[in-house]
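*Asks:*
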Amino acid sequence: MGIEFTRSKRGRIGLEWEVALVDRRSGELTPAAPEILAKVGPAEGFPHVTGELLTNTVELVTAPHHIVRQATDELSRLAHTVIDIAEPLGVELISSGTHPFSQWFAQQVTPGNPRYEVLIDRTQWWGRQMMIWGVHIHIGVERRDKVLPIIDGLLNYLPHFQVLSASSPFWAGELTGYASNRALMFQQLPTAGLTPQFADWESYEKTVSDLLHIGVIEGFGDLRWDIRPSPRWGTVELRVFDGVSTAYEIGAIAAFTQALVEHFSRELDAGREIPVFPAYFHRENKWRSARYGIESIVVVGPDGDERLVTDDLVEVIARLAPIAEELGSLDELHRVHTIIERGPSYLRQLRVAEANFGSLKAVVGALAAELRDNTVTTLR
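Be aware that the sequence shown starts at 1113, since it is given in my numbering, and climbs by one per residue.
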């Protein structure tokens, strides 16, 4: 089968932010999405606020933008629109890879959506465990022949992405020992997890055709890879990120992503090949960064060279700074240093729990304050 890739403007960015709805008093997840969407959803003139798999979740989706700050400003406006609707309901918003203590079996699947019904029917216990939240970043690519090489390059930085967004140290009230428990939960779905590496677009088309033929997927949206082509929008889509607490941090991660894509695009323009790591390095990098977070020693070269992920991040950010300046996102890119210095969300959550005698309700309260105030200084 032939897969057309929509023409898109190079470097345009779109953001998707999954946020969880929690009861203000108990901190538990609450199925308030239908009531909120009845006031601020697509049917009410808000096409960029939508439902998700579970009724405890809404997703905030931006229009395409050229500059990261424009996209995060829109995210902030959408978040505060939902906050204003949720407040009289006694509901607050948080975004983290997992909820610290709510139980998966107490959650409700959004009714009336055939795609969700098929997912749960097929995946059963694992599908019902998908009490997880993430951020998705779309970056426009102007030519189809660039898409797969750019994805190969981005896969080399998968642990960097995962470390910066890691926000799921707890699961159902237990300390998991992982910075991103979501990363390992999500890959239990049969079409989620690490992106296959393709030699060319025809190999990608053949894979999609085979999966459609044997009934594994019904459309592109069922391929829930960490990084994937999005032919409909003409983008590469990164889905590796845990839920991120603040638009401030999303801006940092988005600027890093946009600059990396532009870097790889320029390499291709110059006729240079993008390094390709063996698949087993990507798998190891994903596990290490999910387990150890900012303390991860990750593979940084196709020959197996290793380095502390934060040391590599500092160097990469310096190399990307001129590109980010051209793209108008240098300030946002430098926020990566703030995340490293103050700690990603998983570390901040652990500090709050320790400071409050293990109270995970306090962690939820701190997450809600971070999102509401758009600050990364609350969880310290």
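Built from N, CA and C at the ideal position, the CB exists for glycine as well.
Comparing alpha-carbon positions, which option in 1365, 1390, 1157 lies nearest residue 1417?
*Replies:* Walking along the sequence shown from the start, residue 1417 turns up at place 305. The shortest C-alpha separation from residue 1417 is found at 1390.
*Asks:* Contact defined as beta carbons within less than 8 angstroms: I believe residue 1238 pairs with residue 1132. What is the distance between those atoms, to the nearest angstrom?
*Replies:* Counting from 1 along the sequence shown, the entry for residue 1238 is found at position 126. Counting from 1 along the sequence shown, the entry for residue 1132 is found at position 20. Not quite, the Cβ-Cβ distance comes to about 19 angstroms (not below 8 angstroms), so this is no contact.
*Asks:* Determine, using beta-carbon pairs with one atom in the stretch 1114-1123 and one in the stretch 1149-1160, whether at least three such pairs fall under 8 angstroms.
*Replies:* no
*Asks:* I think residue 1440 touches residue 1206, with their Cβ atoms under 8 angstroms apart; what is that distance to the nearest whole Å?
*Replies:* Numbered from 1 along the sequence shown, position 328 holds the residue referred to as residue 1440. Numbered from 1 along the sequence shown, position 94 holds the residue referred to as residue 1206. That pair is no contact at about 30 angstroms.
*Asks:* Please report the straight-line C-alpha distance between residue 1449 and residue 1168, rounded to a whole angstrom.
*Replies:* As a working mapping, residue 1449 is identified with position 337 in the sequence shown. As a working mapping, residue 1168 is identified with position 56 in the sequence shown. So the alpha carbons of these two residues sit roughly 32 angstroms apart.
*Asks:* So for residue 1492, helix, strand or coil by DSSP?
*Replies:* As a position in the sequence shown, residue 1492 is number 380, starting the count at 1. Because the pLDDT at residue 1492 is just 48, under 50, the model does not fix this residue reliably, and the value given afterwards should be weighed accordingly. Of the three classes helix, strand and coil, the one that applies to residue 1492 here is coil, per DSSP.
*Asks:* What is the DSSP secondary structure of residue 1389, counted as helix, strand or coil?
*Replies:* For the purposes of this step, residue 1389 is taken as residue 277 along the sequence shown, with counting starting at 1. Reduced to three states, the DSSP call for residue 1389 is coil.
*Asks:* Look up residue 1129 in the DSSP assignment and give the residues it is bridged to.
*Replies:* Here residue 1129 corresponds to residue number 17 of the sequence shown, with the count starting at 1. Partner(s): 1172, 1247.
*Asks:* Can you name, in chain order, every residue of its own chain whose Cβ lies under 8 angstroms from the Cβ of residue 1362, other than the five neighbours on each side?
*Replies:* On the sequence shown, residue 1362 is found 250 positions in, with the first residue counted as 1. Hits under 8 angstroms: 1127, 1129, 1184, 1187, 1247, 1356.
*Asks:* Please state whether the Cβ-Cβ distance between residue 1191 and residue 1165 is less than 9 angstroms.
*Replies:* As a working mapping, residue 1191 is identified with position 79 in the sequence shown. As a working mapping, residue 1165 is identified with position 53 in the sequence shown. Not a contact, by the Cβ cut-off of 9 angstroms.
*Asks:* Return the bridge partner residues of residue 1195 from the DSSP annotation.
*Replies:* Within the sequence shown, numbered from 1, the residue matching residue 1195 stands at position 83. Note: residue 1195 sits in no beta bridge, so no partner.
*Asks:* May I have the straight-line CA-CA distance separating residue 1414 from residue 1392, to the nearest angstrom?
*Replies:* Here residue 1414 refers to the residue found at position 302 when the sequence shown is read from its first residue. Here residue 1392 refers to the residue found at position 280 when the sequence shown is read from its first residue. So the alpha carbons of these two residues sit roughly 11 angstroms apart.
*Asks:* Rounded to the nearest angstrom, what separates residue 1521 and residue 1463 at their Cα positions?
*Replies:* In this structure the chain extends from 1113 to 1492, so residue 1521 is not present and cannot be described.
*Asks:* Excluding the 5 residues flanking residue 1375 on each side, which residues of the same chain have their C-beta closer than 7 angstroms to its C-beta?
*Replies:* Here the question's residue 1375 lines up with position 263 in the sequence shown. Contacts found: 1432, 1435.
*Asks:* What residue from 1445, 1423, 1222 has the CA that sits closest to residue 1407's CA?
*Replies:* Taking the first residue of the sequence shown as 1, we reach residue 1407 at position 295. If we check each option's Cα against that of residue 1407, 1423 comes out closest.
*Asks:* Quick check: the Cα distance between residue 1492 and residue 1384, rounded to an integer number of angstroms?
*Replies:* Position 380 of the sequence shown, counting from 1, holds the residue named residue 1492. Position 272 of the sequence shown, counting from 1, holds the residue named residue 1384. Legend: pLDDT at residue 1492 = 48, less than 50; position of this residue unreliable, no value from coordinates given.
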